[in-house]
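Line order of the protein sequences matches chains A and B.
Numbering-wise (this note's numbering), the first sequence opens with residue 65 and increments by one.
Numbering-wise (this note's numbering), the second sequence opens with residue 12 and increments by one.
Don't be surprised by glycine CBs; every beta carbon is placed ideally from N, CA and C.
It should be emphasised that the depicted structure is a prediction, and the values quoted were computed from it without experimental measurement.
Here is the structure we will look at, set down as structure tokens.
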Amino acid sequence: MRLFLLLALLFFGTSLQAQRFATREAHIAFLSETPIEDIRAESREASAIFDAETGQLAFQVPILSFHFPKALMEEHFNENYMETERYPKATFRGQVMDLDLSADGPQAVRATGTLEMHGVAVERDITGSMENTGSGWRIEAAFDVPCADHDIAIPKVVSENIAEVIGVTLNANLVAQ
Amino acid sequence: MMRLSQAALVALLTLSLTASAQDDLMDFFDAPTGPEVVTSTFKAGRIINVQSPQTSGRGEVNFIIAHRFGRISDGAYALWGLDNAQMRMGLDFGVTDQLQVGIARSSFGKTLEANAKWRFLEQKKGGGSPISLTGYSVWMRDGLRFPEDGIERRGVHRLSYVHQIVIARKFSPEFSLAVIPSLVHRNLVDQPARPNDAATVGFGFRYKLNQRLSVNGEYHVLLPRPIQDGLHNSLSLGLDIETGGHVFQLHITNSRGMFERSFLTETYDRWQDGELYFGFNINRVFQVGKR
């Protein structure tokens, strides 16, 4: 009886684990578009975790992992805009809505939750797509982040070079944990 | 009875498992990450006159135009020194993110410079070194015509060298401090009593007022004591203003020269006597190579 219970527990434990999908190599890119210059940066060091049982989804990216084509841009990004030493990470945690766990192909979903960066948390509804790949989930999303929402100040001198609203794209392949 | 308690146990365990499953979703992110390199200890390659731990990034060229005007105490006749500008033009190239090589030419003494700077230890947060160490060596060639005084001089007599270590720490996002010991060697001295070698210990700081403005200062103590009559320690105070691709550095100093041998060991003016020079550096960065 004891053995059976133990086995049952272990089984249950692993089946719980299998509901979890995660990656530490998610790709997040952003683009600041102005008539004068387009500034791009990307990180391949974002982490994501999705709990299929509860529908909870979370992303986190170290701000320092964003790389720019110019070293100076990267320095300004960390030093002047994101204040990376004080706020080293950006996170999103939320709940996935309208997801059919057994459906094939990409499906449009909505995640409701909190996007926190530069120390400011904002409630967001982010739309994207999720696809059951058999071994995990592929998540894609594109959304806008207005700098002002997160108290990221853009001084007048560079206001023609840096967009007020930054376009963010995200790609992640989550595998069972 | 036994069955009931066992069932209860299972229920409890199951419950606790499910509960923890909801809580620890964020635990996934808490996996330990390595120590992170501390950046932007200072804003530009120089605190004012002296080297900071900053180097040009890989593939970056930093073009520095520096002006140092005449003595403010010269008064209205020389427009408080503005009539007598001398300049230094320099190019610093980032070979790697830690290694930089540069050349420069100062109108002061028609001095040509070749230099190398290597940040061989990074300050790290979350484990690792609490300070950064940066080595700097500069070769200077005096370009003035030899005086016709009957003394025989050779090309090698034009040369002097400075080697220094910048020991720096960023204490907070606002405040950074550096200690900079230097060795100065001249192949030829201008007076027989002067030694060919000298040493200095310098101190520099940066305090950020806001995202684009910082106050900087540096002070160099000449060694060995007592120092020669007429020579003084170099003291400079300045302001860094950052605008996108440029850093403007405005300052007041009692040193006229803008290369190491000169401001470290050839400062003949004193703050107390109002013998000060106004100057500025403009740093413009270009990305020329691949990162």
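According to the Cβ coordinates, are B/Arg-79 and B/Gly-268 closer than 9 Å?
yes
Specify, as a first and last residue, the run of the beta strand (DSSP E) that A/Glu-187 falls within.
184-196
Just checking: is the beta-carbon of A/Thr-155 within a distance shorter than 9 Å of some beta-carbon in chain B?
yes
Proximity test, Cβ basis, 9 Å: B/Leu-287 and chain A:
no
Residue ranges of each beta strand (DSSP E) run of no fewer than 3 residues wholly in the segment 44-113 of chain B, ordered along the chain?
71-82 and 97-105
Three-state class that DSSP yields for B/Asp-38 in the structure shown:
helix
Which partner residues of B/Arg-116 appear in the DSSP bridge assignment?
B/Met-100 and B/Leu-123
Which residues of chain B have a Cβ atom closer than 7 Å to the Cβ of A/Glu-139, listed in chain order?
Thr-50 and Ser-51
For B/Phe-216, which residues in the same chain have their Cβ closer than 6 Å to its Cβ, ignoring the five residues on either side in sequence?
Leu-188 and Gly-228
Compute the beta-carbon to beta-carbon distance between B/Val-177 and B/Ser-63, rounded to the nearest angstrom, for a pair I have assumed lies under 8 Å.
7 Å
Cut-off 6 Å between Cβ atoms - residues of its own chain near B/Arg-223, not counting five sequence neighbours on either side:
Glu-253
Could you have a look at A/Ala-112 and say whether DSSP puts it in helix, strand or coil?
strand
Identify each residue in the segment 211-226 of chain A for which the Cβ-Cβ distance to at least one residue of chain B is less than 8 Å, and report them in chain order.
Ala-217, Pro-219, Val-221, Val-222 and Asn-225
For a contact defined as C-beta to C-beta under 7 Å, what are the partners of B/Phe-39 on chain A?
Ala-86, Ser-111 and Ile-113
In terms of residues, what are the limits of the beta strand (DSSP E) holding A/Met-137?
Run containing A/Met-137: none in the beta strand (DSSP E); it sits in the alpha helix (DSSP H), 135-140.
A/Ala-175 vs A/Arg-202 beta-carbon contact at 9 Å:
no
Cβ pair B/Glu-245, B/Asn-265 closer than 9 Å
The question names Glu, yet the displayed sequence has Ser at residue 245 of chain B. Yes; because the gap between Cβ atoms is below 9 Å, this pair is in contact.
Chain A contacts from the segment 90-109 of chain B (Cβ-Cβ distance under 8 Å)
Gly-105 and Asp-108
If you measure beta-carbon to beta-carbon, which residues of the segment 180-194 of chain B are closer than 7 Å to chain A?
Pro-184
Contact under 9 Å by Cβ, A/Ile-226 with A/Met-181:
no
Hey, is B/Val-167's beta-carbon within less than 9 Å of any beta-carbon in chain A?
no
Can you look up A/Ser-199 in the DSSP assignment and give me helix, strand or coil?
coil
CA-CA distance, B/Trp-150 and B/Val-200?
16 Å
How would you call B/His-1, buried or exposed, if buried means at least 16 neighbouring beta carbons within 10 angstroms?
The structure shown does not extend to residue 1 of chain B, since chain B is modelled only from 12 to 302, so the question has no answer here.
With a threshold of 6 Å on Cβ separation, who are the neighbours of A/Ala-122 within its own chain once the five nearest residues in sequence on each side are excluded?
Ile-113 and Arg-157
Quick check: B/Asn-207 and B/Val-258, are their CB atoms within less than 9 Å of each other?
no
Taking a cut of 8 Å between CB atoms, which residues from the segment 108-123 of chain B lie near chain A?
Asp-108
Below 8 Å CB to CB, which residues in the same chain sit around B/Met-12 once its five sequence neighbours on both sides are set aside?
With a pLDDT of 49 at B/Met-12, under the threshold of 50, the predicted position of this residue should be treated as unreliable, though the coordinate-derived value follows. If we look at B/Met-12 and ignore the five residues flanking it on each side, it has no Cβ neighbours.
Can you list the residues of chain A that B/Thr-254 reaches, using a CB-CB cut of under 9 Å?
Pro-219, Val-221 and Val-222
For B/Gly-146, which residues in chain C fall below 8 Å Cβ to Cβ?
In the structure shown, chain C cannot be found, because the protein chains are A and B.
Excluding the five sequence neighbours on either side, which residues of its own chain have a C-beta within less than 6 Å of the C-beta of B/Asn-198, listed in chain order?
Val-167, His-168 and Leu-170
Terminal residues of the continuous beta strand (DSSP E) containing A/Thr-178?
171-181
Looking at chain A, is there any beta carbon in it that lies within less than 9 Å of the beta carbon of B/Glu-133?
no
Look at the alpha carbon of A/Ala-154 and the alpha carbon of A/Gln-124, and state the distance between them as a whole number of angstroms.
6 Å
Hey, B/Lys-181 and B/Asp-153: beta-carbon distance below 9 Å or not?
no
Return the bridge partner residues of B/Asp-208 from the DSSP annotation.
B/His-196
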